[in-house]
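Chains as they are written, first to last, in the UniProt record's numbering: chain A, 1 to 155; chain B, 1 to 155. Here a beta-carbon is modelled for each residue, glycine too, at the ideal position from N, C-alpha and C. Below is one structure; the comments refer to it alone.
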DNA sequence: TGATGAATATTGGAACACAAATGATTTGAG
DNA sequence: CTCAAATCATTTGTGTTCCAATATTCATCA
């Protein structure tokens with residue numbers, strides 16, 4: 001198999017992994033009434049204690065405006081709360097509520113599920129080589145992203 | 001590094017790869033006026049000749065209802081056309097238009113771009129091991145997906 | 001002090017993605 | 001041949017994601 005073909009398949013497979021993750025999110029939603037991003041946000045809230053929207057967004061690696069919507073839905077379901085921060089009134093204090101904590105106990109580990117099962121079915125050395133290869137890939141892709149942003153800002 | 005940590009990092013890295021692909025889609029959009037899914041669809045239309053919406057959806061591995069919107073935008077831009085199929089009037093015939101063909105010549109290879117550059121910066125053996133690991137992962141995840149669907153349909 | 005600038009959350013707009021329901025058409029079984 | 005079932009594209013509704021623009025609040029420094 002030549003290099004081009006390798007790349008072609010990797011691309012297809014990445015797409016399928018993403019696709020499987022999305023389908024998993026739908027399954028979770030059907031069983032627990034909240035999607036994978038919502039579940040993940042809840043999990044970060046449990047881990048991180050009281051957070052602001054900004055810190056939550058950074059923890060999730062999402063744009064703040066995205067997290068607003070996710071949080072809206074968590075609050076609607078009484079799984080989390082939004083309170084004004086008395087110290088800094090630009091901020092809000094986000095907290096997980098008892099109902100959210102209870103849900104976390106019976107829900108799968110956030111956003112993993114099927115992926116974790118997939119990885120667990122692989123040999124230790126395969127998992128390690130996947131991790132190494134992905135890490136390299138991410139490093140190069142993110143470096144390119146910086147270059148691109150620099151390039152465009154120079155217009 | 002233990003297994004759990006490996007899995008955790010793989011998950012994070014996959015997320016970052018997906019994120020980089022999304023940002024890449026925005027870049028493409030800024031430069032060529034169409035997003036990565038649109039570009040990819042156009043590329044499939046060039047490859048596949050006259051297609052129906054269903055075959056295009058299968059080629060893109062997307063839900064038909066998703067492709068309706070993507071195609072709408074391509075037609076709006078005069079890059080593709082929608083015609084009724086005289087043989088089977090349930091179907092439509094989708095074709096790439098000259099303007100779409102011209103755009104494909106100067107646009108990057110669909111949906112790849114940054115990912116391809118990333119992979120090209122890696123050694124041959126790393127690319128191969130990544131491909132193998134991803135293929136295994138996909139196989140297991142999609143097998144689980146089938147099981148889940150079976151499980152839910154048995155309710 | 002008082003104005004300017006930075007930080008924070010939010011809104012609005014566009015695109016993508018799915019499932020479920022709909023309407024039109026074709027196919028197939030009796 | 002006829003009517004029920006399957007197929008095909010689409011619409012509707014929900015959710016995720018980004019960016020750009022906005023309002024509010026805080027911090028800095030002249």
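Residue-level contact to chain B via CB, residue i, 8 Å cutoff
i	result
residue 136(A)	yes
residue 133(A)	yes
residue 146(A)	Low local confidence applies: a pLDDT of 49 at residue 146(A) is under 50, so the model's placement there is unreliable, with the coordinate-based value given in what follows. For residue 146(A), the answer is no, since every Cβ of chain B falls outside 8 Å of its Cβ.
residue 155(A)	Any reading at residue 155(A) needs caution, since the residue's pLDDT is 26, under 50, leaving its predicted position unreliable; the model's value is listed next. It does not: the Cβ of residue 155(A) has no partner Cβ on chain B nearer than 8 Å.
Straight-line gap, residue i to residue j (C-alpha atoms, nearest Å)
i	j	result
residue 12(B)	residue 84(B)	45 Å
residue 88(A)	residue 108(A)	35 Å
residue 42(B)	residue 48(A)	44 Å
residue 129(B)	residue 58(B)	28 Å
residue 136(A)	residue 122(A)	20 Å
residue 25(A)	residue 34(A)	8 Å
residue 126(B)	residue 138(B)	18 Å
residue 20(A)	residue 86(B)	37 Å
residue 111(A)	residue 70(A)	Residue confidence is low: residue 111(A) scores 43 on pLDDT, short of 50, so the model does not pin down where it sits. Its coordinate-derived value is still stated next. Distance between the alpha carbons of residue 111(A) and residue 70(A): 14 Å.
residue 18(A)	residue 90(B)	31 Å
residue 72(A)	residue 38(A)	10 Å
residue 46(B)	residue 124(B)	30 Å
residue 36(B)	residue 66(B)	14 Å
residue 28(A)	residue 50(B)	38 Å
residue 204(B)	residue 54(B)	In the structure displayed, chain B extends from 1 to 155; residue 204(B) sits before or after that span and is not available.
residue 131(A)	residue 76(B)	42 Å
residue 30(A)	residue 30(B)	36 Å
residue 16(A)	residue 68(B)	21 Å
Residue j beta carbon less than 8 Å from that of residue i
i	j	result
residue 103(A)	residue 32(A)	yes
residue 92(B)	residue 52(B)	yes
residue 56(A)	residue 44(A)	yes
residue 79(B)	residue 99(B)	yes
residue 156(A)	residue 81(A)	With chain A running from 1 to 155 in the structure shown, residue 156(A) is simply not present.
residue 60(A)	residue 40(A)	yes
residue 14(B)	residue 74(A)	no
Residue-level contact to chain A via CB, residue i, 8 Å cutoff
i	result
residue 122(B)	yes
residue 129(B)	yes
residue 111(B)	At residue 111(B), the pLDDT of 45 sits below 50, so the modelled position is not reliable; the number obtained from the coordinates is stated separately. Closer than 8 Å: yes.
residue 70(B)	no
residue 34(B)	no
Per-residue contacts from residue i into chain B (C-beta, under 8 Å)
i	result
residue 95(A)	The contacting residues do not exist; residue 95(A) stays about 25 Å from chain B at best.
Closer than 7 Å at the beta carbon, the chain B residues around residue i
i	result
residue 14(A)	17, 134
Under 9 Å by beta carbon: chain A residues contacting residue i
i	result
residue 61(B)	12, 15, 16, 19
Chain-ordered neighbours of residue i on chain A, where CB pairs are closer than 8 Å
i	result
residue 126(B)	132, 133, 136
Within chain B, the residues that residue i reaches when beta carbons sit closer than 9 Å
i	result
residue 9(A)	131, 134, 135
Contact test: residue i Cβ vs the ligand FMN heavy atom, cutoff 7 Å
i	result
residue 126(B)	By its list of ligands, the structure shown contains no ligand whatsoever, and the ligand FMN lies outside what it can speak to.
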